[in-house]
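The structure appears below as C-alpha cells.
Residue numbers (our numbering): 5 to 442.
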C-alpha cells in the first residue's frame with residue numbers, strides 16, 4: 005500500500021488590529037463584487053525630469069490633512085472597513101513608495117519608447133498591459149487579499165526616472181475611489197507641492213455616505229426606475245466616440261447581436277445637493293446608464309447611432325432617475341445582494357464605456373514645483389512644465405473575462421482624444437479599417 009503523501013497547509017492570518025487606528029467605512033458604491041476584484045494602476049507620463057522624493061513627501065503631507073487620511077488606509081480582515089494608522093510612521097507610512105532610476109533617454113529605452121504618443125492622424129498603439137513594468141514596484145499588491153493579509157497602505161507610488169522624462173505611477177484597490185477621486189488627489193497633491201496647503205479642499209463623505217443621505221432625503225414624488233422595467237435585470241464627443249466603437253463591435257460579431265452600452269455616470273453631478281459643492285469625495289460614485297443598440301447598428305450612420313445612444317442617456321441621467329437607480333441598489337444591498345444592477349436584453353453584448361473627460365486629467369496635474377530639468381523641448385512641445393503628456397489606467401491582474409471595455413482618457417494639450425480599449429482582435433480590425441478610411 006502506497007504511503008500517503010505528506011501535506012503541509014498554512015492558513016493565512018490577517019494582522020491584528022491596532023487600537024489607535026482610525027476607522028472609515030466602505031460605502032455602498034465602493035463595496036461591490038466588481039470593484040473588490042480590481043486593483044487599479046495609473047501611470048502618468050511627464051516630459052520633464054521631476055524630483056521623485058519631493059513628489060513623495062508632498063503626497064504624504066497631503067494625506068495628513070483632515071479626511072485626506074482616508075487614502076492612507078489599510079484593509080481589515082473582512083474588507084468591510086478600512087483603518088488608518090494614527091500617526092503615520094516610517095514602519096506604517098501613508099504611501100508605499102518606490103523609485104527606479106534609468107540613466108537613459110526615454111526614447112532610447114527598449115520598452116518605454118513604445119509608450120503611446122500623439123500622432124498626426126488617428127492611430128492604434130500598444131495598451132497599458134504592455135507597460136506593466138512601470139506600473140508598480142515588484143511584489144506590489146495585485147488583489148484585495150494582498151491588502152487584507154499584509155499591513156500595507158492602500159495607495160502605492162512608484163516613480164521611474166529617465167534622463168529626460170518621468171513616469172509617475174499610482175496603484176490602489178478600486179474600492180478606495182473612482183476617477184473623480186483621482187482628479188481630487190492630483191489637484192490636492194499639486195497644491196501641497198506648490199506650498200498652497202491652505203487651498204487644499206476638504207474631503208467630505210469619508211465617514212457618512214453622502215449618496216445615501218441624498219437617497220433618503222424627502223422628495224415630493226419618487227420616480228420609478230424606468231429602465232429596470234424595460235429590460236431583463238441581472239445582478240458632445242462622447243456620443244460620437246461611443247457610436248463608433250459600438251458600430252465596430254456589432255459589425256465584427258460572427259452572428260448579429262444587439263449591443264448594450266453600459267455608461268458610468270457620476271451620481272455626484274446628477275444630484276443637485278452634491279453637484280455644486282467645491283469639496284472632494286474620495287470614494288466611488290458611479291452609477292450605470294444603459295443604451296441598448298440594435299443588432300444592425302453597423303448598417304446605420306454614425307450620427308444615427310450617436311443620437312440613439314444620447315437619447316438613452318438623456319432619459320436616464322436625470323436626478324429623479326439616478327435617485328431611483330440608487331434606491332434599487334440600496335434595496336439589493338439590504339437583502340444581502342451585490343449592489344449592482346445590469347439591465348439589457350438577454351442576448352446582448354455588454355460594452356462598458358467610461359468617460360474621464362470631466363476629470364480633465366491632462367490639465368489637472370501641475371507638478372512644476374518638482375521640475376528638476378526640462379526634457380522634451382522645441383516646437384513640438386505643447387504643454388507647460390510639470391504637466392502630463394499621456395496617461396493610462398489598467399488592472400494589476402489581467403483577466404480573459406474582461407473584454408469589450410472602453411475608457412475615454414480625455415483630451416490632451418494638443419487636442420487629441422485618448423481611448424483605452426480591451427476589445428477582441430476582430431473589433432480592432434474593424435477600428436483599423438475605419439481609421440484607414442478617415
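C-beta: ideal position from N, C-alpha, C; glycine also. Here the structure is a predicted model, which means the values were calculated and not measured.
Determine the contact status of residue i and residue j, defining contact as a CB-CB distance below 7 Å.
i           : j           : result
residue 98  : residue 54  : no
residue 138 : residue 164 : yes
residue 406 : residue 263 : no
residue 413 : residue 360 : yes
residue 183 : residue 363 : yes
residue 158 : residue 174 : no
residue 326 : residue 274 : yes
residue 51  : residue 379 : yes
residue 118 : residue 130 : yes
residue 190 : residue 368 : yes
residue 286 : residue 185 : yes
residue 227 : residue 328 : yes
residue 365 : residue 396 : no
residue 288 : residue 34  : yes
residue 393 : residue 125 : no
residue 351 : residue 272 : no
residue 74  : residue 210 : yes
residue 411 : residue 358 : yes
residue 178 : residue 39  : yes
In chain order, what residues of the same chain have a beta carbon less than 8 Å from the beta carbon of residue i, not counting five sequence neighbours either side?
i           : result
residue 237 : Residue confidence for residue 237 is low, a pLDDT of 45 falling below 50, so the modelled location carries little weight; the figure read from the coordinates is stated next. Cβ within range, chain order: 345, 346, 347.
residue 161 : 59, 60, 63, 99, 100, 101, 102, 172, 173, 174
residue 154 : 19, 145
residue 321 : 269, 274, 293
residue 128 : 432, 435, 436, 439
residue 334 : 32, 216, 219, 343
residue 113 : 106, 166
residue 120 : 129, 130, 394, 396, 422
residue 76  : 67, 88, 89, 92, 97, 98, 99, 157, 158, 159
Determine the closest residue to residue i out of the options, with distance taken between C-alpha atoms.
i           : options            : result
residue 104 : 303, 114, 56, 80   : 56
residue 388 : 417, 402, 401      : 417
residue 69  : 36, 49, 113, 92    : 92
residue 324 : 313, 280, 230      : 230
residue 29  : 311, 386, 212, 392 : 212
residue 257 : 31, 429, 36, 77    : 429
residue 166 : 77, 120, 110       : 110
residue 283 : 75, 203, 330       : 203
residue 21  : 374, 253, 156, 308 : 156
residue 385 : 272, 122, 74       : 122
residue 140 : 415, 358, 419, 400 : 400
residue 373 : 176, 95, 78, 199   : 199
residue 41  : 403, 16, 425, 116  : 403
residue 330 : 259, 136, 221      : 221
residue 78  : 176, 65, 37        : 176
residue 134 : 143, 116, 142      : 116
Apart from the five residues on each side of it in sequence, which residues of its chain come closer than 6 Å, Cβ to Cβ, to residue i?
i           : result
residue 26  : 88, 90
residue 433 : none
residue 356 : 266, 409
residue 377 : 53
residue 370 : 194, 390
residue 16  : 153
Using a Cβ-Cβ cut-off of 7 Å (strictly less than) and excluding sequence neighbours within five positions of residue i, which residues of its own chain qualify?
i           : result
residue 62  : 193, 196, 197
residue 24  : 90
residue 255 : 302, 434
residue 239 : With a pLDDT of 38 at residue 239, under the threshold of 50, the predicted position of this residue should be treated as unreliable, though the coordinate-derived value follows. 341, 342, 344, 346, listed in sequence order.
residue 3   : Since the first residue shown for the chain is 5 and the last is 442, residue 3 is missing from the structure and cannot be characterised.
residue 420 : 122
Just to confirm the assignment, what range does the beta strand (DSSP E) spanning residue i have?
i           : result
residue 165 : 160 to 165
residue 344 : Neither: residue 344 is in no beta strand (DSSP E) and is coded neither H nor E.
residue 332 : First-last for residue 332: 323 to 338, but that is the alpha helix (DSSP H), not the beta strand (DSSP E).
residue 148 : Run containing residue 148: none in the beta strand (DSSP E); it sits in the alpha helix (DSSP H), 148 to 152.
residue 84  : Taken as a continuous stretch (DSSP letters only), residue 84 belongs to no beta strand (DSSP E), as it is neither H nor E.
residue 216 : Where residue 216 is concerned, there is no enclosing beta strand (DSSP E), although the alpha helix (DSSP H) it sits in stretches over 214 to 220.
Locate the alpha helix (DSSP H) running through residue i, then write down its first and last residues.
i           : result
residue 317 : 306 to 320
residue 58  : 56 to 66
residue 1   : Absent from the model: residue 1. The displayed extent of the chain is 5 to 442, so no value can be given.
residue 186 : 183 to 197
residue 415 : First-last for residue 415: 409 to 415, but that is the beta strand (DSSP E), not the alpha helix (DSSP H).
residue 39  : 37 to 40
residue 276 : 276 to 279
residue 366 : 365 to 368
The stretch 423 to 441 in contact with the stretch 73 to 90 per 3-pair CB rule at 8 Å: Counting Cβ pairs under 8 Å, fewer than three are found: no touch.
The stretch 205 to 216 touching the stretch 300 to 307, judged by at least three CB pairs closer than 8 Å: Taking 8 Å as the limit for Cβ pairs, the verdict is that the stretch 300 to 307 does not touch the stretch 205 to 216.
For the stretch 306 to 321 against the stretch 288 to 295, do three or more pairs of beta-carbon atoms, one drawn from each stretch, fall closer than 8 Å, so that the two count as touching? yes
Three-pair Cβ contact test at 8 Å for the stretch 45 to 52 versus the stretch 145 to 152: Taking one beta carbon from each stretch, the stretch 45 to 52 and the stretch 145 to 152 have fewer than 3 pairs nearer than 8 Å; the two do not touch.
Say whether the stretch 330 to 340 touches the stretch 249 to 263, bearing in mind that this needs 3 or more beta-carbon pairs closer than 8 Å, one atom from each stretch. no
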